[in-house]
Structures are given as structure tokens and as C-alpha cells.
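This report refers to the structure that appears directly beneath it.
2 protein chains.
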Amino acid sequence: MNQRKQRQSAEQFIHNLQGQSFPQSQKVYVRGSRADLNVPMRQITLTPTVTEQGSRPNQAVCVYDTSGSYGDPDAQIDVRKGLIRIRQNWIDERADCEPLMQKSSLYTRQRDENQGFDAIRFTNKALPIRAKLGHVVTQLHYARAGIITPEMEYIAIRENCARDKARQDVLLQQHAGESFGAAIPDVITAEFVRSEVARGRAIIPANINHPECEPMIIGRNFLVKVNANIGNSAVSSSIEEEVEKLVWATRWGADTVMDLSTGRHIHETREWIIRNSAVPIGTVPVYQALEKVNGVAEDLNWEMFRDTLIEQAEQGVDYFTIHAGLRLAHIPLTTSRVTGIVSRGGSIMAKWCLAHHQENFLYSHFAEICQICQRYDVSLSLGDGLRPGSVADANDRAQFAELETLGELAKIASQHEVQVIIEGPGHIPMQLIKANMDKQLEVCNEAPFYTLGPLVTDISPGYDHISSGIGAAMIGWYGCAMLCYVTPKEHLGLPDKDDVKQGLIAYKIAAHAADLAKGHPGAQIRDNAMSLARFEFRWEDQFNLALDPDTARSYHDATLPQQSARTAHFCSMCGPKFCSMKISQEIRTTHFDSKEIAVTELAKSDEKARGLQEKSRQFRAHGSEIYLSAASGDDHE
Amino acid sequence: MNQRKQRQSAEQFIHNLQGQSFPQSQKVYVRGSRADLNVPMRQITLTPTVTEQGSRPNQAVCVYDTSGSYGDPDAQIDVRKGLIRIRQNWIDERADCEPLMQKSSLYTRQRDENQGFDAIRFTNKALPIRAKLGHVVTQLHYARAGIITPEMEYIAIRENCARDKARQDVLLQQHAGESFGAAIPDVITAEFVRSEVARGRAIIPANINHPECEPMIIGRNFLVKVNANIGNSAVSSSIEEEVEKLVWATRWGADTVMDLSTGRHIHETREWIIRNSAVPIGTVPVYQALEKVNGVAEDLNWEMFRDTLIEQAEQGVDYFTIHAGLRLAHIPLTTSRVTGIVSRGGSIMAKWCLAHHQENFLYSHFAEICQICQRYDVSLSLGDGLRPGSVADANDRAQFAELETLGELAKIASQHEVQVIIEGPGHIPMQLIKANMDKQLEVCNEAPFYTLGPLVTDISPGYDHISSGIGAAMIGWYGCAMLCYVTPKEHLGLPDKDDVKQGLIAYKIAAHAADLAKGHPGAQIRDNAMSLARFEFRWEDQFNLALDPDTARSYHDATLPQQSARTAHFCSMCGPKFCSMKISQEIRTTHFDSKEIAVTELAKSDEKARGLQEKSRQFRAHGSEIYLSAASGDDHE
């Protein structure tokens with residue numbers, strides 16, 4: 001496929017996707033305190049419950065929505081124009097930024113002047129802005145100053161997921177959580193968002209040059225978030241494919257997306273991605289820096305790295321992964337490892353350190369990095385260059401020595417009012433996961449943790465989304481704020497679109513399981529709605545409430561292809577006679593007319609044998625006929 | 001497809017499967033103390049490590065093998081004859097059984113006489129045997145009598161997985177586990193197997209009428225096991241398909257298989273399955289009993305249930321799920337549940353109890369059930385008819401009241417020297433899982449726990465193998481002895497072959513992760529071998545060590561289709577310049593000639609700035625050229 005054809009196909013794809021929001025789902029907007037503050041959610045409409053007594057409506061369920069305008073059938077999407085700049089007013093109103101007449105990065109200026117890239121350039125670009133001299137424009141700065149920004153209010157509304165509108169008690173029931181010391185309030189207020197950001201326990205990745213971004217928050221007192229990595233490599237994939245993956249990833253729930261491109265056209269690819277992204281975009285700037293020195297790690301230097309940071313900050317990158325915690329003195333700690341250094345950024349910096357026998361220049365220039373970030377509100381994600389790449393290397397001295405350094409750096413970032421999160425492993429057997437979380441909280445002063453998995457075994461290539469999903473759910477429960485997904489292709493190749501989806505579904509499961517386990521308020525609503533739909537054989541509602549309605553529907557269809565069976569009160573698992581749900585429903589409706597009375601009465605049934613025969617007669621009179629008519633089931637046996 | 005064609009195709013399938021053991025894998029047999037005691041394992045041959053200094057062999061890795069003769073290219077398979085009866089001598093030698101001139105079950109005799117079933121009957125059947133009057137022939141009986149049976153010796157060899165042959169220290173390194181009070185020895189001896197069975201902490205499901213079965217053990221001081229459910233329903237699938245699924249399930253690691261058939265020909269299907277199964281077969285007898293009364297639960301009675309137990313015991317079923325713990329008085333506890341009773345067996349018995357207003361006849365006749373089991377060595381799996389079918393219903397009074405009853409029943413089984421395990425949930429959010437395990441250990445006197453998942457959220461239909469895999473890994477770590485798999489079709493339909501595989505891989509990951517976390521000796525060998533292969537770019541070894549070599553290989557091929565790339569020292573994830581593994585290897589080989597010296601020296605490098613320039617010069621002299629040549633990677637970034 002040539003480049004034009006590829007682009008056409010990608011645009012067609014985005015166009016198609018836009019028209020296909022989830023089934024029985026509506027994009028709704030919850031209005032905040034101002035007309036330009038409208039928080040998107042996805043509302044899933046449910047069918048009524050039909051009984052012999054008539055029909056009873058079931059309330060729609062609102063779910064967190066990361067799909068941006070792509071999930072809104074009324075929105076006009078044009079990838080050449082980019083998304084609407086919903087934050088532009090808010091940024092302008094603060095009046096602490098100024099447009100730049102000239103881009104600050106030398107590389108960007110050279111690139112812009114090179115007509116060879118005209119064909120692949122995103123053209124509808126505003127001038128970049130930057131904090132006025134002497135100003136800090138980070139959400140952390142505002143939070144500490146006691147200012148509740150529109151971003152914070154937006155997030156508060158978003159995190160509550162309109163759960164105050166849920167009226168059915170049965171939907172609201174929820175188990176007490178175990179949050180291991182988190183401080184999750186019953187209702188997220190804008191003031192709570194501000195206070196958590198001010199304390200450094202949460203970040204709002206929101207570069208002033210990415211006004212298209214729908215604000216979101218990363219912190220352990222909020223919903224657990226999921227990051228999806230995309231990005232081409234020198235070996236495969238194009239700009240269009242990457243934009244397509246971005247849209248696809250946010251459709252399936254990616255809260256942030258990292259562009260890990262390493263091939264040609266990194267600069268141009270990134271521009272297309274940011275302009276079309278409603279979620280924060282993260283990068284690993286050293287990847288591009290290395291491209292600029294033709295892959296020779298030894299040739300990296302602070303000046304060109306600095307220029308790369310500014311280049312990316314002015315494009316609108318929301319967070320940078322910086323491997324500043326890998327110090328020269330840590331490297332020898334990795335020599336006895338089974339898998340050495342497995343972080344790409346980490347190995348590049350280790351190579352640089354050894355070649356120069358100098359301290360990592362990202363460490364020595366860390367304050368300057370912060371000074372750049374504070375002028376664009378780029379958040380820092382402190383990379384764990386020494387994370388273990390195998391179960392064998394988990395929790396070793398190299399890993400924890402670096403983590404301690406990350407704690408020091410987090411303090412420096414905080415002093416510069418730069419928002420900061422900490423990256424974590426990797427490959428960790430289950431019994432060693434909690435120690436990671438506990439140590440991170442301790443040495444990083446509760447800065448949000450952001451982990452890759454962790455994988456709980458090494459022997460599952462092809463299924464590492466599952467083995468890492470196990471670790472991700474657990475560390476999310478223990479307090480990790482964001483989970484970096486792993487796809488089935490991990491360790492084997494670059495993920496394609498289906499891999500991206502598989503990785504995201506596995507991680508949405510992990511993140512949601514963590515929310516439930518922590519006792520996040522309202523987290524159980526969707527589960528309860530699903531379970532009620534299950535018990536009442538509302539198959540369509542089950543599909544529509546699922547994380548992946550398409551797959552749920554197609555699996556059900558596969559075994560029972562006829563339309564009648566698809567809505568039948570049984571499924572192929574158990575067949576018409578063995579359906580536990582059906583039998584259980586019948587027991588309830590024919591026997592326990594009034595639950596309260598029945599419970600009291602029957603609980604004592606051992607003692608009062610008299611009357612049993614009468615009950616038996618009643619039950620048979622009611623039940624037998626219904627029982628023979630249909631059946632369906634849940635678990636197998 | 002007509003029946004004959006279907007059967008031909010299934011036989012062809014089994015024939016094909018037999019010729020295709022895993023790549024670079026050999027079936028090996030470890031000889032025990034007698035000539036007829038040969039324990040199968042799968043030995044994965046690895047390629048040598050090639051360095052500039054020459055090549056170094058890598059030791060083969062032995063893994064636990066559930067595939068039976070199907071995994072042995074030298075075995076003669078004929079599904080019409082069934083597998084070799086490897087335990088026949090051992091059973092005969094004990095001289096406590098006698099052949100039955102006539103089958104004891106009335107139903108079986110009627111069925112045998114009915115020529116209408118001749119076409120689908122398995123014909124190469126030996127006469128059933130039974131304990132001589134007054135004898136108990138359970139492994140528990142022998143264990144308590146201090147007898148180490150050949151089955152116990154077989155299991156001891158099997159559980160050790162020949163790890164005493166692993167010679168490379170790097171393979172044997174392992175993290176300390178957290179076993180929550182389990183008592184896992186460094187080496188499993190036959191005497192240890194005996195003592196665990198005697199204490200009721202482990203069972204060996206091994207019906208004397210299933211001599212084809214390769215002995216295995218279920219207990220928390222042994223490797224965590226996985227069960228796969230198969231079985232047709234009235235709506236779909238045939239005998240041949242079920243035998244095919246059995247073979248397929250054991251290929252992918254099923255330690256036991258439950259035949260949950262509910263359609264026509266249950267009796268005949270089961271015979272084909274047992275005669276061709278090298279793993280223990282479990283059933284839920286009430287399913288067949290219900291078929292016998294045309295699906296009318298009210299018409300069930302003890303006499304026909306008893307006949308069904310005997311019918312199945314004489315066919316060779318190794319364990320029965322019996323829902324005897326669901327008592328009449330428990331049923332009202334379910335009325336306020338979101339999803340009522342979701343166990344099929346449980347809902348059938350609840351219906352019976354209510355219709356008759358009598359105590360569950362499985363409870364009242366439990367001692368008689370034990371008396372049947374002890375004469376055939378059928379183990380009991382006490383069903384959790386009141387397990388929660390939704391997160392909302394987790395850990396409620398109904399569930400725990402039944403669990404307490406299961407504890408009482410386990411005691412009765414033990415008094416009858418009948419082996420017993422306890423079934424568990426279901427749907428449980430993460431923070432409530434451990435309470436299940438702890439309570440089970442407490443009230444069931446450490447009898448092995450056998451859980452379905454648990455699913456940690458309800459919103460993932462189509463991916464419930466993942467959400468339940470999370471719960472399964474955790475409860476396996478906490479002490480659960482066997483995990484009943486859940487396939488992607490759970491809640492939606494009957495699993496097909498690919499679903500069976502997907503479910504098994506997810507559960508093999510969960511079980512293995514649990515073994516690692518508990519610190520099961522030798523559990524980390526395969527992980528270490530994988531990680532070493534990864535670090536050394538031995539791609540073929542990575543594929544062959546994977547739980548699913550086919551998928552790992554095909555995923556790697558998909559992105560880099562050329563043969564040269566497939567063996568290249570980089571992969572498509574990072575491309576040639578960004579490979580962390582490659583860089584890390586270079587750092588090690590070019591810089592740290594002697595690990596010890598380098599560590600000491602470099603750790604102090606901060607303090608001794610002198611000499612750094614020289615080091616830098618050395619490194620460049622060694623490293624630059626290698627670095628430019630190739631690269632590959634592990635994790636993404």
C-alpha cells in the first residue's frame with residue numbers, strides 16, 4: 001500500500017469509527033460551573049425488566065469515557081484539522097502564557113524549513129505558547145496557590161461518573177474496600193482534586209500546548225488509570241497507522257497514550273497524534289534524541305537532549321519519561337542479573353554513562369529539565385531504567401537503588417512545582433509485588449506510581465497481557481495509580497490493532513478490579529447492573545454493559561445462532577433444563593412472595609416440621625409448569 | 001456432518017495430535033522402584049549459547065506433562081481400545097478388589113441391553129471391579145495404614161519434575177516464597193505424599209475402575225493444579241467432539257477434566273472419555289440423575305441417585321461433585337441476593353428441597369454416599385451450590401453457611417476414609433478472596449480447596465478467563481490446591497476447542513504464578529531458562545519454553561516474516577538500534593570482564609574521578625562497533 005492509500009484508509013477508518021459508538025450508548029455531557037466545561041460520559045441505556053406483573057424500567061448506567069470526540073456521533077472529525085481545543089479558553093484566561101513568534105527548538109525550526117517533510121506534515125497548527133518569564137504554569141503551581149482550575153473541576157465531575165444519579169439501591173450496594181492507607185473520599189470534589197495535586201499525590205498531565213486534551217488525573221485516591229503504548233519502529237508501521245491506533249486505543253479505554261516511536265518521522269508522527277488526541281500523550285524523549293545522533297548512544301549530550309525536550313514540549317507532549325534515576329554507580333549492580341538492563345531508555349543511558357565514565361547527564365541536569373517542564377506544564381514520569389526484566393531479577397539492589405534516586409528526584413521536581421509520577425516494574429512474582437508498592441510510597445513521598453504490569457511469570461510469551469494483568473490488578477489494588485498495558489505481542493513483536501485492544505481489555509479488567517478492591521465509591525455499579533441483567537436474562541443489556549460488547553455478543557451468537565435463542569431465557573451452556581438462574585428466579589417468585597417473612601420462617605424450618613407438607617403442595621402448584629418451560633445458566637456446574 | 005464422519009474426523013484429529021508433540025520436546029520417563037512405574041515428563045531441549053569464545057550447551061528443562069500417551073510419538077493410540085491400563089497391576093496386587101460378574105447399576109444393565117445404543121457404545125470394556133466386602137480401597141485408607149502405594153511413589157517423582165537433574169546454578173536460583181502456612185518440603189518423597197493424603201491435606205483421585213489414569217495429587221503442598229470442564233449440552237456437541245476436547249485439554253495442561261455433559265448419551269459419552277483419559281475424570285452425578293427424571297427436579301430421589309453413583313463409579317469416574325452442603329435452611333439466605341443461586345447442581349437441589357420441604361437428600365444420605373465411594377475410591381468434591389454468582393453476593397451468609405456444612409461433611413467423609421476436596425467460588429472482588437481461603441482451611445480441616453476462578457469483576461464477558469485468572473492466581477497463592485478454569489465463553493455459551501485452550505493457558509499462568517509465589521521448589525527453573533534465552537537472543541528456545549510455543553512463534557513471525565530476522569539479535573519492537581538486551585549484553589561483555597572486580601570498583605566510582613577517562617577510552621575501543629551492528633528488546637521503553 002502506498003502512503004496516500006494508507007492515509008485514505010486510516011481516515012476512512014476514523015470516519016467509520018466515529019459513526020459507531022458503543023451499542024445502546026449515548027455520549028452525554030455533564031455541565032460544570034461554566035458553559036465551556038462539559039464533561040463527557042458514556043451512558044448505557046438498559047431494557048426494562050419484564051415480569052408477569054408488568055414491566056419496570058432499568059436506569060441507564062454512566063461509565064467513564066476516554067474516547068473523546070471519536071465516541072460522539074455528533075462531532076465533526078477531521079484528522080487534518082485536529083480536535084477542538086477545549087482547554088484553550090481556560091489556558092488563555094490564566095494570562096500567564098504567551099505565544100511564541102518562533103519555535104524555541106532549533107531542530108523544530110530546521111524540520112519546519114525542510115520541504116522534504118511537507119507531504120507528511122500536520123499543517124493546521126497553532127503557534128506554541130510558553131509561560132511568561134518568571135511564571136510557572138503547572139497545575140501543581142495553581143493547586144499550591146489554592147486555585148481550583150477548570151481542569152480540576154472537570155476531573156472531579158469526571159471521576160464521580162454521575163453516580164449521584166444512580167437511584168436503585170441494588171445498584172449502589174458495594175463491599176467495603178481495603179485500600180491499604182489510601183484516602184478515597186465518598187465524593188470527589190474539585191477542592192479534593194486540588195488538594196491531592198497540591199500534595200503531589202496526584203497529577204493532571206496537561207501541557208498548555210495540548211489544549212485538545214480532556215483533563216484526567218493520575219493518583220491513588222482516584223480511579224486506577226491505564227496507559228497504552230503505541231509507536232512505530234524502524235522496522236514497521238506508518239504515521240496513519242499510529243493515529244489509527246491512538247483512536248482505537250482510546251475507544252477501548254486508554255486513559256493516556258505513550259508514543260514510543262523510534263523510526264523515521266518521529267517529529268511529524270507526534271504532531272499528528274497530539275493534534276488528534278483527547279487523552280494526554282507521553283513520550284520517552286531519549287528515543288528521539290538517539291535518532292538525532294544516528295543511534296550512537298555515546299554521542300548523546302545535554303544540549304541536544306534539551307532541544308528535544310523543548311521541541312516536544314512545544315508540540316504539546318503531556319508527560320516525559322526521563323531515565324534520570326539510573327546513576328553511574330548503579331550500573332555494576334546489574335552485572336549479576338539474569339537479564340541485565342531491559343529498559344530501552346535505561347540501557348541507552350547506561351551505555352552513555354559507561355562510555356563517558358560520567359554521571360548520567362539526565363541526573364546532573366535534572367533541575368534544568370524541571371525548569372523546562374514548569375513553563376509548559378509537562379509532567380515528569382521518572383523512568384525505571386533498572387526495572388527487572390525477569391522474575392529472577394525482581395526487587396534486587398539495582399532496582400531499589402534506582403527507586404531511591406527517583407525519590408530524591410521527585411523531591412526536586414516538587415520543589416520546581418513540576419508534576420511527577422514514578423515508573424515501576426516489570427517482572428515480579430506475586431509475593432514480591434507489595435514490597436514494590438510500599439517502598440515506592442515510602443521513598444517517593446506518595447507520588448503516583450505507574451507500573452508496567454508487573455508480569456508474574458516469564459513463561460507466557462503470547463499471553464503476557466494475562467500474566468501481567470494479574471500483577472497489574474494486584475499492584476493497582478495495593479495503590480498503583482496507573483497501569484501501563486502489556487499486549488499479547490510483548491517480548492515478541494510490535495502490537496497490531498487487535499493486540500492493542502486485547503491489551504487494553506485485560507488492563508481495564510485489572511484497573512476495574514483494583515477499583516473494586518480499594519472500595520472506590522460507585523465502582524460496583526456497573527458490576528451490579530451486569531449481574532441484575534444476568535439474573536433477569538436481559539442478554540442485550542449484558543452485552544452492552546460489557547467492556548467489549550462486540551465480543552460478548554458474538555460469542556453468545558456463535559453457539560446459539562437463531563434469533564429466538566439469542567433472547568431466550570437460557571443459553572447453550574446448560575441447555576433448557578439446567579439453567580441455575582432460571583431455577584433460582586423461579587424459587588424466588590413462586591416461593592418467597594414476601595422476602596422478609598419467608599426468610600424468617602424458613603430459617604427456622606428445621607424446627608418446625610409441621611406445615612412443610614402444605615408448603616410443598618403450594619410450591620408444586622406454582623412451580624412445576626414454569627420450570628419445564630425454559631432455563632439458562634451462569635457458571636458451569 | 002453425520003455421526004460417522006464426525007467420528008472419523010475426531011479420530012483423525014487424535015492421530016494427528018499424537019504425532020505432534022511440542023517442538024524440541026521429548027517425552028521422557030523417570031523409572032521408579034519397579035519396572036512398571038515410569039513417570040512421564042516433557043523434556044525441552046535447548047540450543048547452545050554461542051559467544052565469541054565458543055559455544056556452551058544449555059541443559060534441557062523438564063516440565064510436568066499431562067498429555068498422557070497422546071504426547072508420546074511412540075505410543076499406539078486407538079480410541080476404540082482406550083489407553084493402556086498402567087495401574088492395573090498395582091490395583092490387582094493389592095488383592096482387595098473383585099471383578100463383578102454383573103454391573104451393579106440397574107440403569108447400566110438396561111442401557112447395555114438396549115441395542116439402540118450399540119452404534120455409539122465403547123465396546124472394549126473390562127468388567128468393573130469393586131472392593132471386596134468389608135474392604136476400603138481408597139488411597140486414604142492405604143495412607144492411614146502406613147502403606148506407600150505405587151500411586152504415591154509415582155506422584156512423588158512426578159511432582160519433583162526431575163529438578164534434581166538441573167545443574168546450572170542460574171537455573172536453580174529462586175526467590176523465597178510466602179506460602180501462608182503451607183508446608184512445602186524441598187523434595188517431595190513418597191512418604192510425604194502418603195502423610196499428606198493420610199492427613200487429608202491432599203487427595204489422589206484414582207478410581208479402581210480407571211486404571212488408565214496417570215496418578216496425580218491435589219493439595220496445597222504440591223503444585224497447583226488446573227481442571228478443565230468439558231461436556232455437551234442438549235443444545236450442541238457430540239461424543240467425538242468431547243473426546244477431542246479431552247485430548248486437547250490435556251495437551252494444554254489440564255490436570256483433571258470434568259465431564260459436565262447434560263445432553264443425550266451421557267452414559268456412553270462418559271465411557272469414551274474415561275477409557276481414553278490419562279487424567280482423573282470428575283462428574284456432577286445430579287446432572288445425569290436429572291436427565292433420568294426428564295428434567296423434573298422434584299422427581300429426583302435417593303434410590304435413583306444412588307444407582308447413578310454406582311453406575312458412574314463402575315465406569316471409573318475419579319471424583320464426584322456432590323451438592324450435599326446446601327441445606328433447606330440455607331435457601332432463604334439467598335433471597336436477597338442479586339443473582340440467587342448460580343450453581344446448576346445447587347439450584348436443582350434447592351428446587352428439590354423446596355418442592356418436598358425436606359432436607360437435601362444428598363445431605364441426609366451422605367454417609368451412604370461415602371460407603372459407595374470407599375468401595376471404588378471415588379473422591380468427593382463437595383460442591384458449593386451457594387457460591388456467589390456476582391461480586392455483589394460474595395462472602396455472604398448463604399455462601400459461608402454452606403461452607404461450614406461442607407466442613408462437617410468433610411469430617412464424615414474422612415471418617416469413611418473417603419478422599420475429599422471442597423469446592424469454592426465464583427465471583428469475589430480481590431479484597432475478599434483471602435477470607436475465603438482462610439475460612440475454608442479453618443472449617444474444612446485443611447482439606448484441599450478447589451475454586452472456580454474466582455472472577456474479580458462481573459463486567460468482562462468474553463474475557464472472563466482473564467478476570468477469573470486474576471482471582472485464580474491469588475487464591476492459588478493463598479493456598480487453593482486446584483483451579484477450575486473459566487473460558488472466554490463463560491456466561492455466554494459452550495466453549496469450543498480454541499476456548500478450551502485459551503482458558504487453559506490463562507489458568508496454567510495462574511497456577512504457575514501461584515507456585516512461584518508460594519516458593520514451590522524448582523518452580524522458577526522454567527522462568528529462569530526463559531529469561532536466559534531472552535537475554536541471549538535464543539528465540540527458538542524462548543518459543544519452545546513458552547506455555548504455548550505455537551502462538552509465541554507465530555506472533556514473532558508475524559511482524560518479522562523473513563527467516564533471517566526471525567533469528568536476528570533484535571526484534572521488531574525496538575528495531576536494530578534500541579534493543580535494551582543487546583546494549584545490556586554489550587555493557588557486560590565489553591566492560592565488566594570480571595564481575596566482582598568491576599562491581600567493587602565502579603560502586604565507588606563517584607569518589608574516584610581519576611581513571612575515568614581511561615575507562616571511557618577502553619569502553620569506546622571495545623564497544624562502539626558492536627553497538628552499531630544490531631539490537632533487540634524486551635519491555636517497551
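Taken in sequence, the protein lines are chains Z and F.
Under the UniProt record's numbering, think of the first position of the first sequence as 1, with each following residue one higher.
Under the UniProt record's numbering, think of the first position of the second sequence as 1, with each following residue one higher.
In this text, a Cβ means the ideal position worked out from N, Cα and C, and glycines have one as well.
At the C-beta level, residue 224/Z and residue 511/Z come within 9 Å of one another. The closest CA to that of residue 371/Z, considering only 34/Z, 73/Z, 136/Z and 411/Z, is found on 136/Z.
No residue range can be given for residue 255/F, since it is assigned to no beta strand (DSSP E) and is classified by DSSP as neither H nor E. For residue 26/F, the enclosing beta strand (DSSP E) starts and ends at 25–31.
Closest option to residue 425/Z, judged by alpha-carbon separation, among 486/Z, 28/Z and 328/Z: 486/Z. Under the 8 Å Cβ criterion, the segment 323–339 of chain F counts as touching the segment 379–395 of chain F, having at least three qualifying pairs. The C-alpha of residue 274/Z is placed about 7 Å away from the C-alpha of residue 317/Z. Where residue 70/F is concerned, there is no enclosing alpha helix (DSSP H), because DSSP gives it neither an H nor an E. Among the residues of the segment 171–186 of chain F, those with a Cβ less than 7 Å away from any Cβ of chain Z are 173, 175, 177 and 178, in the order of the chain. Listed in chain order, the beta strand (DSSP E) elements of length 3 or more contained wholly in the segment 386–465 of chain F are 420–424 and 449–452. For residue 140/Z, no chain F residue has a C-beta closer than 9 Å to its own C-beta; the minimum C-beta separation is roughly 24 Å. In summary, the residues of the segment 429–442 of chain Z whose CB is separated from some CB of chain F by less than 7 Å are 429, 430, 431 and 432, in the order they occur in the chain. Residues of the segment 514–525 of chain F with a C-beta less than 7 Å from any C-beta of chain Z: 516, 517 and 524, listed in chain order. Judged by DSSP in its simplified three-state form, residue 319/F adopts strand. The beta carbon of residue 348/F lies closer than 7 Å to those of 286, 290 and 297 in the same chain, with the five residues before and after it left out. Residue 436/F and residue 183/F have their C-alpha atoms some 19 Å from each other.
Where residue 131/F is concerned, the enclosing beta strand (DSSP E) starts and stops at 129–131. By the rule that beta-carbons nearer than 9 Å mark a contact, residue 281/F does not touch chain Z.
Under DSSP, residue 501/Z shares a beta bridge with no residue.
Looking at the DSSP output, residue 51/F bridges to 54/F. Between the segment 522–537 of chain F and the segment 333–340 of chain Z there are three or more C-beta pairs closer than 8 Å, enough to call the two in contact.
Interface residue (Cβ-Cβ distance to chain F less than 9 Å): residue 530/Z is classified as such. Residues of chain F whose Cβ lies closer than 9 Å to the Cβ of residue 542/Z are, in chain order, 461, 491 and 492.
Against chain F, a Cβ distance below 8 Å from residue 49/Z picks out nothing, because the smallest value is about 13 Å. The beta carbon of residue 417/Z lies closer than 8 Å to those of 136, 138, 140, 141, 144 and 374 in the same chain, with the five residues before and after it left out. For residue 105/Z, the secondary structure class from DSSP, reduced to helix, strand or coil, is coil. If the five residues before and after residue 90/Z are omitted, its C-beta is found closer than 6 Å to the C-beta atoms of 150, all from its own chain and listed in chain order. The beta carbon of residue 239/Z lies closer than 7 Å to those of 120, 265, 268, 269 and 272 in the same chain, with the five residues before and after it left out.
Across the structure, residue 95/F and residue 213/F are spaced so that their CA atoms are roughly 19 Å apart.
Below 8 Å, enough C-beta pairs join the segment 198–205 of chain Z and the segment 408–423 of chain Z to call them touching: three or more. In the DSSP assignment, no residue is bridged to residue 373/Z. The continuous alpha helix (DSSP H) containing residue 292/Z extends over residues 285–292. Under DSSP, residue 227/F shares a beta bridge with 256/F and 484/F. Secondary structure of residue 147/Z (DSSP, three-state): coil. One Cα belongs to residue 525/F, the other to residue 489/Z, and the distance between them is close to 23 Å. Around the beta carbon of residue 498/F, a 10 Å sphere encloses fewer than 16 other beta carbons of the protein chains shown; the residue is thus reported as exposed.
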